[in-house]
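A short worksheet on the structure shown next.
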Amino acid sequence: SVSANYRLRQKPKEDMVGTLNDAMEDIMKALDWIRENDELYDINKNCIAIGGGSAGGILSANLCYKDATIVSPWNKDGLIAFINLWGSPDKLRMDKIIDVNDPPTIFIHGTADSIVPYSNCLWMSGVLDSVGVKNRVYAIEGAGHTPTEHMEKIVENIAAFLYLRMKEIKD
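Residue numbers (the numbering used here): 7 to 177.
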């Protein structure tokens with residue numbers, strides 16, 4: 007397990023594009039570092055699951071669904087799963103084109119989240135469904151943002167999702 011940090015501007019809302027670009031640059035460098043140090047830390051760089059909660063989930067969504075361009079190279083090799091913890095971006099903050107090559111995703115989200123609306127999760131799940139990306143929504147009925155009181159069930163659902171994902175890869 008590796009936990010990466012990222013820059014956050016003093017006043018992030020004044021330049022959301024710049025704020026997101028800074029964070030994306032940092033998280034992409036962290037993923038490059040993992041790949042470069044895979045042997046040293048006994049990491050299988052062909053089986054990487056990305057996850058994040060709240061702002062980290064929004065950032066991870068932008069990372070997992072980002073595609074390379076001539077100006078912005080990006081290597082998604084080895085990304086096998088995305089664990090989105092109550093951090094689905096809304097339609098206005100998600101400018102990526104999701105396609106069948108993007109990683110299977112589990113969404114864990116409280117239905118009463120007043121910070122990141124549960125409807126964002128349902129929208130993203132629908133987009134993934136429409137292009138054929140496997141995904142699962144684990145809704146926590148009545149829970150708000152960061153529902154730590156449900157951690158045992160959250161861990162169980164993530165473990166089951168990753169178990170099935172690894173089984174799919176091996177078969």
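Every residue gets a Cβ at the ideal spot worked out from N, C-alpha and C, and that includes glycine. Quick caveat: nothing in here was measured; it's all calculated off a predicted structure.
Neighbour-count burial assignment, residue i, 16 or more Cβ in a 10 Å radius
i      : result
Trp92  : buried
Lys25  : At residue 25 the sequence reads Thr, which differs from the Lys that was named. With 16 or more Cβ atoms within 10 Å of its Cβ, Thr25 is classed as buried.
Leu14  : exposed
Ala165 : exposed
Cβ-based neighbour list, residue i, same chain, cut-off 8 Å, excluding 5 preceding and 5 following
i     : result
Asn43 : Ile49
Met22 : Arg99
Cys70 : Ile56, Lys82, Leu85, Phe88, Asp108, Pro109 and Thr111
8 Å Cβ cutoff met for residue i and residue j
i      : j      : result
Asp56  : Leu85  : Note that residue 56 is Ile in the sequence shown, not Asp. Against a cut-off of 8 Å, the Cβ pair of Leu85 and Ile56 comes out as a contact.
Ile64  : Pro18  : no
Ile33  : Tyr12  : yes
Ile103 : Asp73  : yes
Val77  : Thr111 : no
Ser60  : Val122 : yes
Asp146 : Thr117 : According to the sequence provided, residue 146 is Ile. The question's Asp does not apply to it. Against a cut-off of 8 Å, the Cβ pair of Thr117 and Ile146 comes out as a contact.
Gly150 : Ser120 : yes
Arg171 : Ala67  : no
Trp129 : Lys173 : no
Val133 : Asp105 : no
Close beta carbons around residue i, own chain, < 6 Å, minus the five adjacent residues each side
i     : result
Lys51 : Arg41, Asp44 and Gly84
Endpoints, beta strand (DSSP E) assigned at residue i
i      : result
Asn52  : Per DSSP, Asn52 belongs to no beta strand (DSSP E) and is neither H nor E.
Ile164 : Ile164 -> not in any beta strand (DSSP E); alpha helix (DSSP H) instead, spanning Met157 to Lys176.
Asn90  : Leu85 to Leu91
Ile114 : Thr111 to Gly116
Cβ shell of residue i (< 7 Å), same chain only, five flanking positions each side left out
i      : result
Asp177 : none
His156 : Ile146 and Ala149
Segment limits, alpha helix (DSSP H) that includes residue i
i     : result
Leu69 : Ala61 to Cys70
Asn27 : Met22 to Glu42
Nearest-angstrom beta carbon gap, residue j and residue i [assumed within contact, 8 Å]
i      : j      : result
Ala131 : Asn141 : A small correction: the amino acid at residue 131 is Ser; Ala does not occupy that position in the sequence shown. That belief holds up - the Cβ atoms of Ser131 and Asn141 are roughly 5 Å apart, short of 8 Å.
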